[in-house]
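Quick note on numbering that gives the first Met the number 0: the sequence shown kicks off at 0 and runs consecutively. Idealized CB from N, CA, C, for every residue including glycine.
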Amino acid sequence: MSTLSAVLITLTCILVPVSLITVWVHDIVLDTDRYVETVSPLASNPAIEAAAVNRITEAVNVRVDGVQVTSDVAAWLDSQGLPPRVGQAVKGLAPELNDAVTQVTDKAATRFVRSDRFETVWTDANRAAHSALVHALTGKGRGAVGVDEGTVTLDVGAAVETVKRDLVAAGVSPAEKIPEVDKQMVLIRSDKLQKIRSAAHALDVLGNWLPVITVLLGAIGVFLARRRRRALVATALGAAAACLIIAIALAIARRFYLDHLPEQVQSRAAASAIFDTLLRFLKNSVRTGIVLGLVVAIGAYLSGAGRLPRALRGSMDRTADSIARRAGAHGIGTGRVGTWVAAQRRWLVIGALLLVALWFALWNHPTALTILLLVAVLLVLLAIIALLAATGRTTPSSEHAPKGRSGPVGGSAT
């Protein structure tokens with residue numbers, strides 16, 4: 000392997016996981032429709048629902064003060080000339096009033112959060128504020144989702160207003176005094192957020208071109224290598240190893256983030272759900288990179304001239320020949336088609352590989368299961384080619400079978 004080839008292959012292995020990250024940033028994080036499609040299911044996530052109920056209840060309870068209400072009622076009773084003990088008794092009802100309001104508020108908030116209305120509010124708020132959440136990595140924008148010194152928050156004021164109306168409708172008249180609430184539900188907080196903004200912008204710019212550049216560099220590196228098949232195996236394994244490192248890093252980052260949540264993030268389960276949802280496509284892409292690298296490496300190795308690959312291919316050909324002979328014995332044959340396939344087998348195999356590769360390239364956001372499906376399709380195509388070629392190899396023997404004698408029958412004419 001030449002020095003230039005080694006450098007290009009090493010660079011390719013490094014750029015493969017970076018390319019996956021750029022595609023995730025460009026196609027998922029910074030695309031409104033895909034982002035909304037990604038976060039919409041969170042509206043029905045139990046952890047998010049519980050966190051929203053707690054936050055809405057807290058926001059309402061801040062505005063409904065049982066002590067103040069009972070004090071006002073006691074003062075009014077005193078002004079009407081009732082004995083002081085009546086006012087004291089009313090004041091003693093403050094804890095019960097607070098508990099009652101909390102229970103009613105919690106029920107109303109739970110009913111709202113579990114309804115389709117909350118899903119609509121959640122989806123509309125995220126869509127309307129997508130530019131603000133996108134700019135969590137660029138520092139620009141402000142809306143229902145805002146960014147301030149490394150903290151990403153969601154304004155739950157709209158939800159509080161809906162619960163306020165439900166409380167009033169349920170007969171909780173003090174809820175009428177709830178003013179407009181500017182209450183924030185902390186989604187993400189990280190001191191590193193400011194530091195990665197410029198990097199995120201660069202990744203967005205590179206999202207369209209870096210994957211293409213990476214593939215070209217890898218292809219050139221393999222082409223310049225003295226042993227191209229071995230270089231392809233090394234490139235595929237190196238890319239898979241790099242993706243594995245990223246997968247481990249994501250797992251460590253998740254654990255570190257959840258173990259160092261600030262006090263503003265009240266629900267570890269909700270933070271975990273948001274983290275996993277936002278990074279789901281990146282994790283899938285990394286797993287896909289690992290599987291694809293292993294599949295390419297195994298395929299390149301098995302197509303080589305080593306003892307094990309030759310033994311496997313020989314066993315497959317003998318099996319195909321055996322099946323073809325049995326089919327021929329029962330009058331089943333492919334005629335000229337089999338002969339042609341046997342003569343053009345190499346090019347047909349290359350065509351099958353290119354077809355599957357093109358299918359993979361055109362697949363929108365392929366996964367590890369996609370690769371396994373395409374591998375199964377390729378194996379079926381190769382098996383069909385092998386069987387047709389086997390019938391072509393057995394055809395000449397039947398065609399050259401002994402025929403009846405030609406010439407005059409009987410002895411010499413002389």
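Alpha-carbon to alpha-carbon, Ala268 and Gly140: Here Gly140 scores only 44 on pLDDT, less than 50, and its place in the model is too uncertain to base an answer on.
Excluding the 5 residues preceding and the 5 following His345 in the sequence, name in chain order all residues of the same chain whose CB lies nearer than 6 Å to its CB. As written in the sequence, residue 345 is Arg, which differs from the His given in the question. Same-chain partners within the cutoff: there are none.
Using a Cβ-Cβ cutoff of less than 8 Å, which residues in the same chain neighbour Ala46 once the five nearest sequence positions on both sides are dropped? Correct list, in chain order: Ser266, Ala268, Ala269, Ser271 and Ala272.
Just how far apart, CA to CA, sit Ala299 and Ala351? If I take the Cα positions, the gap works out to 15 Å.
Any beta carbon from chain D within less than 8 Å of Ala246's own beta carbon? Note that chain D does not occur in the displayed structure, where there is just one protein chain.
Can you name, in chain order, every residue of its own chain whose Cβ lies under 6 Å from the Cβ of Ile219, other than the five neighbours on each side? Leu7
Output the residue ranges of the beta strand (DSSP E) runs that lie fully inside the stretch 362-392 and measure 3 residues or longer, sorted by chain position. Every candidate beta strand (DSSP E) stretch fails here, since none sits fully inside the stretch 362-392 while reaching 3 residues.
Tell me the rounded alpha-carbon separation between Leu216 and Ser302. 23 Å
Option in Arg254, Leu205, Ala240 and Val295 with minimal Cα separation from Arg228: Val295
Return the CA-CA distance between Asp9 and Val204, expressed in angstroms with no decimal places. Correcting the residue identity first, residue 9 is Thr in this sequence and not Asp. If you take the alpha carbons of Thr9 and Val204, they lie about 23 Å apart.
I'd like the list of long-range same chain contacts for Leu243, defined as Cβ closer than 7 Å, with 5 residues on each side in sequence excluded. Ile289
Within a Cβ cutoff of 7 Å, which residues of the same chain sit near Leu373, ignoring the five residues on either side of it in sequence? So the qualifying residues of the chain are Val355, Trp358 and Phe359.
Just to confirm before moving on: does the CB-CB distance between Phe274 and Tyr256 stay below 8 Å? yes
Going by CA-CA distance only, name the one from Ile370, Ala51, Ser284 and Ala367 that's closest to Ser18. Ser284
Leaving out the 5 sequence neighbours to the left and right, which residues in its chain are closer than 6 Å to Ala389 when beta-carbon positions are compared? Excluding residues within five positions, the ones whose Cβ falls inside 6 Å are Ala319, Asp320 and Ala323.
Less than 8 Å between the CB atoms is what I'm expecting for Ala238 and Thr2, so what's the real figure, rounded? With a Cβ gap of about 20 Å, Ala238 and Thr2 do not count as contacting.
Nearest by alpha-carbon distance to Val38: which of Val112, Trp121 and Ala341 is it? Trp121
Measuring straight from C-alpha to C-alpha, what distance separates Trp208 and Ala328? 57 Å
Does the beta-carbon distance from Thr287 to Ile212 come in below 8 Å? no
Taking 8 Å as the cut-off, decide whether the C-beta atoms of Lys332 and Ala326 are in contact. As written in the sequence, residue 332 is Gly, which differs from the Lys given in the question. The answer is yes: Cβ separation under 8 Å.
Reducing DSSP to helix, strand and coil, say where Asn125 ends up. helix
Helix, strand or coil at Pro261 [DSSP, three-state]: coil
With 16 other Cβ atoms within 10 Å as the buried cut-off, status of Arg226: exposed
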